[in-house]
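Numbering (the numbering used here), first residue to last: 6 to 160.
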């Protein structure tokens, strides 16, 4: 049996789009964290080796702690937006959009350099971490768009 849920609040539908997008980005990042942890503790053949998941710029123990904190912060943001317990602010949107855009551009530059002129460099050549940094940048940009679009209406 198929159920059709009628949502009367158009705002909820808009927020739902952000919730779905942010949840997908967070799940991608969680996959990255847990896949690398799996490769560290119980290596499996169907995933890239542990070393491919990081550039080595930060010791793994510190990286994994930071990653779990990032997951926690992102999860709080997703939950607050999902249940409408956040007040969108134009200024927050501008800050998140600016930082997210800079972050995304730096990671795209890193990827381009790593794919072309410095593939053997430990930081530039680390493709998996770079991809997942773009995921985090996209998360930040999405939060920024949410705040900017919906904060403008209330200002």
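We treat Cβ as the ideally placed atom computed from N, Cα and C, and that holds for glycine.
*Using a Cβ-Cβ cut-off of 6 Å (strictly less than) and excluding sequence neighbours within five positions of residue 94, which residues of its own chain qualify?*
In chain order, 152 and 156 place their CB closer than 6 Å to the CB of residue 94, counting only its own chain and leaving out the 5 sequence neighbours on each side.
*Taking the CB atoms as reference points, tell me whether residue 144 and residue 68 lie closer together than 9 Å.*
With a cutoff of 9 Å on beta-carbon distance, residue 144 and residue 68 are scored as not near each other.
*Quick one: measure Cβ to Cβ for residue 24 and residue 83, integer angstroms, because I've assumed they're closer than 8 Å.*
Between the beta-carbon of residue 24 and that of residue 83 there is about 6 Å, and that keeps the pair under the 8 Å contact cut.
*What residue range is occupied by the uninterrupted alpha helix (DSSP H) comprising residue 71?*
Segment 65-87, the alpha helix (DSSP H) holding residue 71.
_Exposure label - residue 138; buried when at least 16 CB within 10 Å_ = The residue in question, residue 138, is buried, as its Cβ has 16 or more Cβ neighbours within 10 Å.
*How big is the Cα-Cα spacing for residue 140 and residue 33?*
Whole-angstrom Cα-Cα distance: 7 Å.
*Look at the Cβ atom of residue 102, then the Cβ atom of residue 150, and state whether they are nearer than 9 Å.*
Their beta carbons are under 9 Å apart, which means residue 102 touches residue 150 by this criterion.
*Expected contact under 8 Å - CB spacing of residue 43 and residue 52 to nearest Å*: 7 Å between Cβ atoms; contact.
*Say yes only if the C-beta of residue 95 is nearer than 8 Å to one or more non-hydrogen atoms of the ligand MG, and no if none qualify.*
This structure simply doesn't include the ligand MG, nor any ligand for that matter.
*Between the C-alpha atoms of residue 121 and residue 40, what's the straight-line distance to the nearest angstrom?*
So the two alpha carbons sit approximately 27 Å from each other.
*asked:* According to DSSP, is residue 59 part of a helix, a strand, or is it coil?
replied: DSSP, reduced to helix, strand and coil, places residue 59 outside both helices and strands of the structure shown, so it counts as coil.
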